[in-house]
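What follows is a set of notes on a single structure, which appears directly below.
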Amino acid sequence: MRLHNTLTRQVEELVPRRPGTLSAYVCGPTVQGAPHFGHALAALVPDVLRRWLEHQGTEVFLVRNVTDVDDKIIAQAQQEGVFAAEVAERCGRLFDDVFRRLRIAPPRVEPRATAHIDPMIELVEQLERVGSAYRTGGDVWFRVRSFPEYGRLSGRDLDELRSGARVDADDRKEDPLDFALWKAAKPGEPSWRSPWGRGRPGWHLECSAMSATYLGTGFDLHAGGADLIFPHHENEIAQSEAATGERFARHWLHNGHLTMGGEKMSKSVGNVVSLTEALDLHGPDVIRFFFLSAHYRSPMELSDERLDEARAGLERLRAFHRATAPLDAAPTPTSEVLAQREAFAAAMDDDLATPRAHAALFELVRAGHAAREAGEDGVAVAARDAVTELAGALGYDLAAEESGGSGALVGGLIELLLSLRAEARAARDFATADRVRDRLAALGVTVEDHPDGARWHLR
RNA sequence: GGCCGCGUAGCCGAGUGGCUCAGGCAGCGGACUGCAAAUCCGCGUACGUGGGUUCGAUUCCCACCGCGGCCUCCA
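For the working numbering, add 18 to where a residue sits in the first sequence, where the first one is 1.
In structure tokens, the structure reads:
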């Protein structure tokens with residue numbers, strides 16, 4: 019398949035170094051607060067890529083880290099008067115929970131920064147040996163000047179960056195662009211023993227060390243939000259390549275941002291929507307559909323209207339699933355069904371063009387309904403099977419009903435009411451029949467009358 | 001200020017140098033229905049502005065306007 023590579027700004031063939039297995043590293047969350055709606059996208063994009071590759075028979079060895087030590091976690095802990103590890107543990111569970119509910123498949127390895135201090139220290143020592151690191155007191159800095167390729171990923175020019183000069187002119191640094199590899203411990207902060215005294219790793223260090231630990235150098239794909247391109251990913255490349263002399267990640271995938279009120283959703287702007295609450299309100303499939311209805315690299319504006327549209331679109335897929343689930347004819351795909359399967363695959367292979375993939379799904383739905391109405395059950399079944407399979411490859415569960423569990427008891431009671439209603443209709447007592455339907459609707463149960471009887475589903 | 005990207009019908013969102021230029025939501029008409037719902041059939045001549053290249057541009061180039069992102073922590 020072809021995928022946009024930030025390194026070249028072009029859509030390129032994604033070629034795993036080991037045929038059949040893609041090695042990928044995703045920058046996971048910094049567990050310093052509750053997950054917001056925007057965090058879902060950065061986890062969802064690699065998930066969709068992974069599902070598609072696996073559907074195509076490629077294995078994906080995915081590593082997604084957890085940043086469990088950093089300035090904000092420490093600040094939050096101090097504010098609460100607890101240990102930083104406590105904040106990280108609590109927030110980490112919140113992220114685990116929302117990712118699970120979103121059906122984001124767990125990564126193969128989920129390394130925590132605090133469990134990999136040793137390889138980080140070794141990496142810094144190696145950088146000292148090659149002359150790319152220097153210390154001032156208990157701090158260690160990366161010497162940007164020592165890495166001529168610096169700025170390649172983000173398309174920056176060193177001199178422009180310096181003149182932009184919003185970077186702290188810290189006198190301890192040789193160059194304003196140099197960044198911390200190791201920070202000397204301040205009182206009350208979590209710290210680890212190191213050759214430079216007690217301290218903690220700089221932010222960028224963990225990803226270099228942990229990706230090398232689990233994937234080695236020159237792994238296939240590195241992913242993250244577009245806001246990580248600079249400085250985070252630029253710095254990862256500098257550290258890793260300066261230390262090893264080898265290419266770091268070969269392909270870079272970055273997702274665009276979620277906006278709300280025209281601005282990037284972020285805690286500092288204050289326009290965040292809790293992902294936990296959004297899941298409670300909309301369920302995982304609506305949120306997934308919302309994100310996948312636009313291309314992963316374009317910015318997306320979140321609003322109630324967009325979510326309502328996503329719900330409506332998803333409902334069309336679900337209604338098709340409900341209508342065709344009882345059919346049990348042998349599938350007899352038509353050329354149209356086959357063509358839409360191919361269109362879906364072509365879209366996904368073309369830089370994860372999920373909006374076009376959705377379009378193929380909708381064409382299958384229309385063709386399937388039409389076949390069903392024409393009594394061509396085999397064609398309808400072929401369309402249904404294609405929709406179920408391909409929607410599954412995008413991570414949808416069309417059989418799942420919306421929130422509000424319908425236990426056996428609830429289902430039984432509804433069936434009972436509908437059988438009484440059917441008797442009323444047979445007796446042309448439409449007032450009673452309508453009353454049952456209206457009251458059920460008020461409770462969130464939609465009733466549809468079909469030639470073969472009534473169907474119902476939870477709204 | 002520098003760098004990057006975007007501007008497509010009421011809304012969202014694909015796509016292409018010309019051939020009937022996806023799909024969804026909303027809307028309208030018809031079929032079906034006791035009425036609905038669901039579904040099917042039909043219906044929308046859109047490409048920010050001004051130049052240029054071209055036989056022909058929404059698609060390529062330039063300028064401008066507007067919007068966003070990054071340049072500091074950030075998914």
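Where a beta carbon is used, it is the ideal one built from N, C-alpha and C, also for glycine. Since this is a predicted model, take the numbers as computed values, not measurements.
Please tell me whether residue i and residue j are closer than 7 angstroms, where the distance is taken between their beta carbons.
i: leucine 141; j: alanine 256; result: no
i: alanine 401; j: alanine 378; result: no
i: asparagine 289; j: valine 63; result: no
i: leucine 345; j: valine 397; result: no
i: alanine 203; j: serine 209; result: yes
i: valine 158; j: tryptophan 214; result: yes
i: valine 304; j: arginine 329; result: yes
i: leucine 332; j: methionine 278; result: no
i: glutamine 94; j: valine 87; result: no
i: leucine 32; j: leucine 21; result: yes
i: lysine 191; j: arginine 218; result: no
i: valine 44; j: arginine 69; result: no
i: threonine 235; j: glutamate 264; result: yes
i: glycine 110; j: valine 84; result: yes
If you count every other CB in all the chains shown that lies within 10 Å of the CB of residue i, and 16 or more means buried, which is it?
i: glutamate 224; result: buried
i: histidine 468; result: exposed
i: alanine 58; result: buried
i: glycine 422; result: Residue placement at glycine 422 is flagged as unreliable, the pLDDT there being 46, under the threshold of 50; a coordinate-derived value is accordingly withheld.
i: valine 29; result: exposed
i: leucine 431; result: exposed
i: phenylalanine 101; result: exposed
i: alanine 230; result: buried
i: glycine 66; result: Rather than glycine, the amino acid found at residue 66 in this sequence is valine. When all chains shown are included, valine 66 counts as buried.
i: leucine 382; result: buried
i: aspartate 488; result: No information on residue 488 is available, as it lies outside the stretch 19 to 477 that the chain covers here.
The alpha helix (DSSP H) that contains residue i, what's its start and end?
i: arginine 211; result: Unbroken run through arginine 211: none, as it is neither H nor E.
i: arginine 359; result: 353–367
i: aspartate 395; result: 395–411
i: asparagine 253; result: 252–262
i: lysine 90; result: 89–98
i: glutamate 167; result: First-last for glutamate 167: undefined, no H or E at that position.
i: valine 465; result: No alpha helix (DSSP H) contains valine 465, which is instead part of the beta strand (DSSP E) from 463–468.
What are the start and end residues of the beta strand (DSSP E) that includes residue i?
i: glycine 429; result: Unbroken run through glycine 429 is the alpha helix (DSSP H), 426–444; no beta strand (DSSP E).
i: glycine 487; result: Past the edges of the chain, shown from 19 to 477, lies residue 487, and the structure says nothing about it.
i: glycine 471; result: 471–476
i: histidine 387; result: No beta strand (DSSP E) contains histidine 387, which is instead part of the alpha helix (DSSP H) from 372–391.
i: glycine 242; result: 239–243
Spatial neighbours of residue i within its chain, please: CB distance less than 6 angstroms, with the 5 preceding and 5 following residues excluded, ordered by chain position.
i: glutamate 420; result: Since pLDDT at glutamate 420 reaches only 49, below the 50 mark, its modelled position is unreliable, and no value is offered.
i: phenylalanine 309; result: Leu59, Leu62
Can you find the residues in the same chain that come closer than 8 angstroms, C-beta to C-beta, to residue i, ignoring five residues on each side of it along the sequence?
i: threonine 294; result: Ala52, Pro53, Leu112, Asp115, Val116
i: arginine 306; result: Leu62, Leu120, Arg121, Leu412, Gly413, Tyr414
i: proline 34; result: Leu40, Ser41, Thr76, Asp238
i: phenylalanine 197; result: Trp159, Phe160, Val162, Gly220, His222, Pro249, Asn253
i: glutamate 72; result: Val78
i: glycine 280; result: Glu319
Only counting the same chain, and skipping five residues up and downstream in sequence, which positions put a Cβ closer than 7 angstroms to that of residue i?
i: serine 292; result: Ala52, His54
i: glutamate 23; result: It should be noted that the sequence gives asparagine, not glutamate, for residue 23. Excluding residues within five positions, the ones whose Cβ falls inside 7 angstroms are Glu30, His269, Trp270.
i: threonine 464; result: Trp474, His475, Arg477
I want to check one thing, is the minimum distance from the CB of residue i to the heavy atoms of the ligand MN below 6 angstroms?
i: proline 351; result: For the ligand MN, the structure offers nothing, since it holds no ligand at all.
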